[in-house]
Amino acid sequence: MEKIIVVGAGLSGATIARLFAEKGDFVTVIDKRNTIGGNVYDEKDKNGILVQPYGPHIFHTNEKEVYEFLSQYTEWFKYEHKVLAYIKGKYVPVPFNLTSLKTLFPEDKAERIKKVLSDEIGYGKKTPILSLKKHEKAEIRAFADFVYKNVFEYYTKKQWNLKPEELGETVMNRVPVYVSREDRYFTDEYQYQPREGFTHMVENILRHPNVTLKLGQDAMQDITLADGKIYLNGVEFDGKVIYTGCIDELFDYKYGVLPYRSLKFKFKTKKTSSYQPSAVVNYTTNKPFTRISEFTKFTCQPQEKTVICKEYSKKFKKGKNIPYYPIPIQKNYDHYDKYLSEAVKYPNLYLLGRLANYKYINMDVAVKNAIELFNKITNE
Ligand code: FAD
Ligand code: UDP
210 MEKIIVVGAG LSGATIARLF AEKGDFVTVI DKRNTIGGNV YDEKDKNGIL
260 VQPYGPHIFH TNEKEVYEFL SQYTEWFKYE HKVLAYIKGK YVPVPFNLTS
310 LKTLFPEDKA ERIKKVLSDE IGYGKKTPIL SLKKHEKAEI RAFADFVYKN
360 VFEYYTKKQW NLKPEELGET VMNRVPVYVS REDRYFTDEY QYQPREGFTH
410 MVENILRHPN VTLKLGQDAM QDITLADGKI YLNGVEFDGK VIYTGCIDEL
460 FDYKYGVLPY RSLKFKFKTK KTSSYQPSAV VNYTTNKPFT RISEFTKFTC
510 QPQEKTVICK EYSKKFKKGK NIPYYPIPIQ KNYDHYDKYL SEAVKYPNLY
560 LLGRLANYKY INMDVAVKNA IELFNKITNE
């Protein structure tokens, strides 16, 4: 039986805490927020509508193991996410597809582009925007430039303050261009939302006699690191610490603050059952916000009223706002590596999750990484 401290009660922390608890270890989960779930936390507002204060979350995965793990803690409802972009006064599907093409181009031109895309890329195929832009056929490059300008350029500037090329393919490939009428945002095998919300699911994950939960507590007040050893309130700790917070905070920012993007959300209740034509509308060519999400459309709760949220991307300022997105560019990975070279000096310290690993990962990858880390530790 071992003592395990998990810093962070987000999906990463909750998953690994549960696995250690089931193995018979005593696990203390500490979170500085007063809530569990990290950024997937949801709650009912004054009208009883489930909202997600840290931004819209849609579950999707191709990982059977992840789906089966989470299915122990929630019932699901089938939900396939659709997103529209508001371009030139029209709502068109994103990822950009043949319907978007037909809506935005004159009929004969749309037919011609469809034919050349089908011949060159293949009907039913998807393609990354950055490679489409470099295609040998001028007609395809002209089409790609249109999509780049109207879907990616301004949105990416707002979201990251970077150009799509600076972010590279790993980020840009998340949203391809479809040579078909595929209008789902994700094509993963498992696409479900937790019937009673994410907080309810995480509550169930953490509900175990071997798990002690401490909320509203900054773990770094109690934990110190020195010379390869971990101290808890000044006493050497002989268990393991799984850390899911920011790595720079763990080492007292000795190499400076790592860059992140932060977000500001503006919520509004609307006296209508439906505010917009899809759950999320991306504003890719105008408006200062990136997107508007309408929670009632993806949380299984038909209502008389609805709640929308406008999302503004901001520079992260330590102590002022929340570090939501690691910025996935080489310069920042190099910066992160300096901290990583400190972390490896601590054999009982393990880094996990979006912040500690400085990775732009989805929920399913957070769960998968937690399962994998647990397996690695227990086979050590
Ligand atoms: P987090 O959720 O950030 O949890 C880390 C926790 O650690 C926090 O609760 C924090 O308070 C706590 N903590 C940090 N430092 C300390 C400390 N010193 N002491 C105590 N506690 C500490 N993924 C999808 O699959 N689908 C989506 O639709 C989707 N939408 C997203 C939308 C937004 C706006 C964002 C930001 C992310 C989205 N994601 C989505 C990604 C998803 O949120 C993450 O993959 C997942 O939540 C990562 O979980 P985590 O536990 O690693 O991190
Ligand atoms: N993106 C874009 N326009 C869109 C949708 C996405 O430019 O309409 C770009 C943008 O850079 C974004 C990235 O593609 O950050 C990934 O989009 P995704 O929806 O996967 O991001 P998430 O909101 O899940 O972080």
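In terms of my numbering, the numbers along the sequence shown are unbroken and rise by one, the last being 589.
C-beta: ideal position from N, C-alpha, C; glycine also.
A quick note: this is a predicted structure, and the numbers were derived from the prediction, not measured.
Item: Contact test: T383 Cβ vs the ligand UDP heavy atom, cutoff 7 Å; Value: Correcting the residue identity first, residue 383 is Arg in this sequence and not Thr. Yes, since a heavy atom of the ligand UDP falls inside the 7 Å radius drawn around the Cβ of R383.
Item: Residues that P302 bridges to, as DSSP identifies them; Value: L293
Item: Near the ligand FAD: R350 beta-carbon under 7 Å from a heavy atom; Value: no
Item: Residue from E374, A223, Y484 with nearest C-alpha to P537; Value: E374
Item: Residue environment, P532, which counts as buried when at least 16 other CB atoms sit within 10 Å; Value: buried
Item: Contacts around G246, its chain only, beta-carbon distance under 6 Å, and the 5 residues preceding and following it disregarded; Value: F407, T408, V411
Item: N413 (DSSP reduced to helix, strand or coil); Value: helix
Item: Heavy atom of the ligand FAD within 7 Å of N155 beta-carbon; Value: Residue 155 lies beyond the residue range present for the chain, which begins at 210 and ends at 589; the question has no answer from this structure.
Item: Nearest to V260 (by Cα), restricted to the options V249, Y387, L307, F268; Value: V249
Item: Alpha-carbon to alpha-carbon, G454 and L424; Value: 14 Å
Item: I439 versus G448 - alpha carbon distance; Value: 9 Å
Item: Length of the line joining the Cα atoms of N419 and V216; Value: 16 Å
Item: Bridge partner(s) assigned by DSSP for Q402; Value: F286
Item: Backbone secondary structure at I580 - three-state DSSP; Value: helix
Item: Endpoints, beta strand (DSSP E) assigned at I439; Value: 438-441
Item: Buried versus exposed call for Y295 [16 or more other C-beta atoms within 10 Å across all chains shown]; Value: buried
Item: Buried or exposed (CB count within 10 angstroms, at least 16 for buried), R390; Value: exposed
Item: beta-carbon L228 near the ligand FAD non-hydrogen atom, thresh 7 Å; Value: no
Item: Cβ neighbour criterion (16 or more within 10 Å) applied to Q402; Value: buried
Item: A435 (DSSP reduced to helix, strand or coil); Value: strand
Item: Limits of the unbroken beta strand (DSSP E) element including Y630; Value: The structure shown does not extend to residue 630, since the chain is modelled only from 210 through 589, so no value can be given for it.
Item: 8 Å Cβ cutoff met for V303 and V380; Value: no
Item: Secondary structure, alpha helix (DSSP H): runs of 4+ residues fully inside the segment 357-401; Value: 363-369, 373-376, 378-381
Item: Beta-bridge pairing of D240 - partner residues as DSSP gives them; Value: L424
Item: Start-to-end residues for the beta strand (DSSP E) that takes in T515; Value: 515-524
Item: Three-state secondary structure assigned by DSSP to N495; Value: coil
Item: Proximity test, Q368 beta-carbon vs the ligand UDP heavy atom, cut-off 7 Å; Value: yes
Item: Alpha carbon of C509 to alpha carbon of E277, nearest angstrom; Value: 21 Å
Item: Where V275 sits in the DSSP three-state scheme; Value: helix
Item: Backbone CA spacing between H290 and Y364 [nearest angstrom]; Value: 19 Å
Item: Beta-carbon proximity check, G437 vs K554, cutoff 8 Å; Value: yes
Item: Best match in T587, N584, M572 for proximity to S221 [C-alpha to C-alpha]; Value: M572
Item: Cutoff 6 Å; reference F583; Cβ partners in own chain excluding five residues on either side; Value: I225, L228
Item: Residue range of the beta strand (DSSP E) that includes Y559; Value: 558-560
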